[in-house]
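Okay, so here's the structure we're looking at.
In this note's numbering, the protein residues as written are 39 to 275.
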């Protein structure tokens with residue numbers, strides 16, 4: 039028997055993917071706190087993966103559970119609350135070595151200003167939203183700007199205002215569309231990062247957005263009206 043949570047997530051995923059016209063599956067991310075059980079049916083990967091690799095695998099249909107031992111990137115794992123930030127990262131030495139910053143000090147300032155999940159995380163489940171038999175923390179979407187754009191009107195539909203985004207040259211999946219939505223309770227866009235573009239199949243014309251799961255039901259409630267109204271008037275790819 040299908041649970042109510044899974045039934046809802048299937049409906050949410052189908053509505054979001056179909057109406058917005060996504061090329062990939064929306065991805066569910068659940069950050070497990072100490073004492074929480076791992077949802078049934080999710081296996082650990084055969085080799086270590088970075089969080090971004092897990093998210094990009096999930097948009098293509100893969101499902102998995104990753105413990106700290108499965109994390110290939112300690113920068114990402116520390117942003118997600120799984121471990122302390124390594125000293126080479128906090129001092130800026132690690133990122134300065136990539137060659138984008140003029141000094142370790144400027145790289146260290148970037149790291150000092152990043153957002154980190156504010157609770158201890160012992161593992162994560164990453165899978166397509168349509169397959170999530172649990173309540174996620176975040177829903178990630180990867181696509182071209184025209185598709186990601188529609189989250190902005192969905193976010194402002196009820197109360198108006200503007201949507202603000204925060205990003206840096208690094209940490210697209212783990213911080214920008216992971217830790218930031220968890221910390222702020224609001225969606226956040228990333229135009230990609232060095233790690234994602236090096237380690238995943240992220241295409242040159244793609245970006246990502248992380249949405250707090252609590253926002254998803256309200257978004258979905260607007261999509262039928264959008265599909266029959268404003269989306270018929272907009273230039274669509």
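Note that CB positions come from ideal geometry on N, CA and C, so glycine has one too.
Flag this pair as yes or no: are the beta carbons of residue i and residue j separated by less than 8 Å?
i           : j           : result
residue 77  : residue 104 : no
residue 217 : residue 118 : yes
residue 241 : residue 90  : no
residue 43  : residue 65  : no
residue 96  : residue 164 : yes
residue 130 : residue 142 : yes
residue 247 : residue 179 : yes
residue 53  : residue 258 : yes
residue 271 : residue 159 : no
residue 99  : residue 45  : no
Just tell me which of the options has its CA closest to the CA of residue i.
i           : options               : result
residue 146 : 126, 249, 158 and 122 : 126
residue 274 : 152, 184, 177 and 168 : 184
residue 111 : 134, 85 and 101       : 85
residue 81  : 75, 74 and 102        : 102
residue 153 : 214, 271, 260 and 53  : 214
residue 106 : 121, 99 and 256       : 121
What residues in its chain sit with their C-beta under 6 Å from that of residue i, if we drop five residues either side in the sequence?
i           : result
residue 15  : As shown, the chain starts at 39 and ends at 275. That puts residue 15 outside it, with no answer to give.
residue 203 : 226 and 227
residue 168 : 48 and 51
residue 148 : 206
residue 116 : 123
Once the 5 residues before and after residue i are set aside, which same chain residues still bring their CB inside 7 Å of it?
i           : result
residue 175 : 67, 68, 69, 220 and 251
Residues in the same chain with beta-carbon distance under 8 Å from residue i, minus the five sequence neighbours each way, listed in chain order, please.
i           : result
residue 194 : 200 and 201
residue 244 : 180, 181, 182 and 230
Original post:
Which full runs of the beta strand (DSSP E) of 3+ residues lie inside the region 168-202, going along the chain?
Top reply: 176-181
Subject >> Minimum length 4: unbroken alpha helix (DSSP H) runs contained in the region 54-139 >> reply: 89-97, 112-117, 125-128 and 131-134
Original post:
What alpha helix (DSSP H) runs, 4 residues minimum, are completely inside the region 197-247?
Top reply: 218-222 and 232-237
Original post:
Are the region 130-140 and the region 43-57 in contact at 8 Å, needing three or more beta carbon pairs?
Top reply: no
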